Structures are given as C-alpha cells and as structure tokens.
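Here's the structure, in structure tokens; my notes come after.
Residue numbers (this note's numbering): 694 to 984.
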C-alpha cells in the first residue's frame, strides 16, 4: 500500500523549475504574510472611516438647527483658532526687547520709554499682524530719530527688510525682523497710541462681543487687501471704532423698540379696567421697566 502524500505546508519553499531556469527559490510564506497584512490594513481603514463618519454625524447632531446660531458658533471657533501661540507671542516680545536695547545704546544719556500699542496691546492681532512700537520721551526731532535708529538696525544686520518713511504725517520705520520674520512699525513721541489702546481694552471688557466681530471683519478685509489705509482701505483702529459704533447703535435701536412695546402695553392696561388693583401693579411694573 502506497503512503498518501502529505499536504504541502504554507512555510514550504519550492523551486520554480518551469519558469525560473536559474533555480531561484520563491518564498510562498512571504506572499501569504503580505496578503494578510494588507487585509488587516484594509480592515483598519474601514474601521477608522466608520469612526470618522460616526464622529461627523454626532457633531452634526450637536449643531443647533438655527443657522444664525451655527454662524455664531463658527465665529467663536474661528476666533479661538487664530489666537496667537506662545511662540508667536514670544517672538513679538523678542523684537520689542531687541529694539529697546538698540535704542538705549544709541541714546544712552536720555530718559525715555518704549511701549507697544495697537493690536498687540489690545489682543486683537491676527497671526500676520505687525507689532506697533512707540518710543516716548526723546527730545530730538522724530525724523532724525528714525534715521539714526534705522541706520543702526541695518548696520547690525537685524532686519531682512526696512523702510524709513519720513515724509508721512507720522514718520515711522517699517521693518521685518531677520531672525523671527516678525513685522514691526516704530514711531516716536506719539502718546495717542497707548492711550487709544487703553480705551479699546476698556471697551473689550465692557462689550465682549466686540472682539470676535473685529477679528472676523479684520481677517475678511485683509483677505481682500482692503486693510491698507493709504490705498483707501480700512485700518485696524478705524474698523474697531466702526464696530463700537455699530454695537452702540444696535443697542439704542433695541432699547427704543423695547420702550415702544412697553408704552403700547401701558396704554392697553389703561383701557382695561383702570381701577383694578392688578392693573395698578402692572402699570407700576411697566413704568419701572421704561425708566
């Protein structure tokens, strides 16, 4: 009786004499392992895609049905997304410190202050916003100070770009820091900048809705190159004032509408049983709300 041939194992290596004349050996176990690995990867991809779909559906269920509320949530998410990182904030402060150090070496015998203002001070800066710096207290002419500081910054190779604007109403230095790539504007003896910055910070505390509105509109204007003032655009400070005015006017309109509703309610109460005690209490409440 002939013994039955045993089944070949998956780990068996066979020679392909028909197709490979050089007698090369083909590892069938490697092919089976690769196919098993590919099947596992396909399963993982299917599982991850199913999880992503579930997360998306769950997120859609959490969204409110009101489109205005959805827009409100998207604006808040956008504001949170564009907040400056710790690295960006550190780079801005590094630029301020280096400029202050150079200025104190140039005017070592003078007493002056180096302050920031604008969006860096108020917290309304976009990731691409520059740093506004003012040097207050130097007795020299602003144009002369700009020339001296600008030439020193170029001599020390601290900037990749610099422009000395001495013919403007407010002479400034526009520069880009070499190491960090941060843009900065430097002016002299302009005390209105920090003062207006304090006013904007106060308004942000009083009207919290101002910050998201300003940041969304500011980014909208920047995308369309409508934020350059000397080209007819709307600058950051003007935009902030426009938002403040709009919020104040909107509050007045709502207050006027509320007053009209209360006035109509008061007239209605006068027509209906004027001598009842409940109507007298209602009239007092309406009068108190109107005041």
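Just so it is clear, CB atoms sit at the ideal spot from N, CA and C, and this is done for glycine as well. Keep in mind it's a predicted model, so treat the numbers as computed, not measured.
- For residue 807, the pairing in a beta bridge is given by DSSP as 828.
- Restricting attention to alpha helix (DSSP H) runs no shorter than 4 residues, the segment 874 to 912 encloses them at 885 to 899, ordered along the chain.
- Counted as a single uninterrupted DSSP element, the alpha helix (DSSP H) harbouring residue 815 occupies residues 812 to 815.
- Burial is judged here by how many other beta carbons sit within 10 angstroms of a residue's own beta carbon; residue 818 has at least 16 and is buried.
- For the 8 Å CB-CB criterion, residue 808 and residue 827 form a contact.
- Sequence-distant Cβ neighbours of residue 956 in its own chain, meaning closer than 6 Å and more than five residues away, do not exist here.
- For residue 782, the enclosing alpha helix (DSSP H) covers residues 779 to 799.
- Non-local beta-carbon contacts of residue 928 in its own chain, meaning distances under 7 Å to residues more than five positions away in sequence, involve 920 and 922 in chain order.
- Taking residue 940 as the centre and dropping the five residues before and after it, the same chain places the C-beta of 900 closer than 6 Å to its C-beta, in chain order.
- Here residue 853 is exposed: its Cβ has fewer than 16 other Cβ atoms, across all protein chains shown, within 10 Å.
- With fewer than 16 other Cβ atoms inside 10 Å of its own Cβ, residue 902 counts as exposed.
- Check the Cα spacing between residue 866 and each of 916, 958, 844 and 850: the tightest is with 844.
- In this structure residue 932 is buried. Its beta-carbon is surrounded by 16 or more other beta-carbon atoms within 10 angstroms.
- Nearest to residue 874 by alpha-carbon distance, out of 756, 781, 764 and 798, is 781.
- Taking C-beta atoms under 8 Å as the contact rule, residue 926 and residue 815 fail to qualify, at a distance of about 19 Å.
- In this chain, residue 929 is not harboured by any beta strand (DSSP E); it is covered by the alpha helix (DSSP H) spanning 929 to 964.
- Looking from the CA of residue 825, the closest CA among 849, 876 and 764 belongs to 876.
- 8 Å or more divides the Cβ of residue 936 from the Cβ of residue 870.
- When the Cα atoms are used, residue 904 and residue 765 turn out to be separated by approximately 13 Å.
- Each residue's CA atom was taken as its position, placing residue 757 and residue 909 some 21 Å apart.
- Straight across, the Cα-Cα distance linking residue 863 with residue 851 is about 23 Å.
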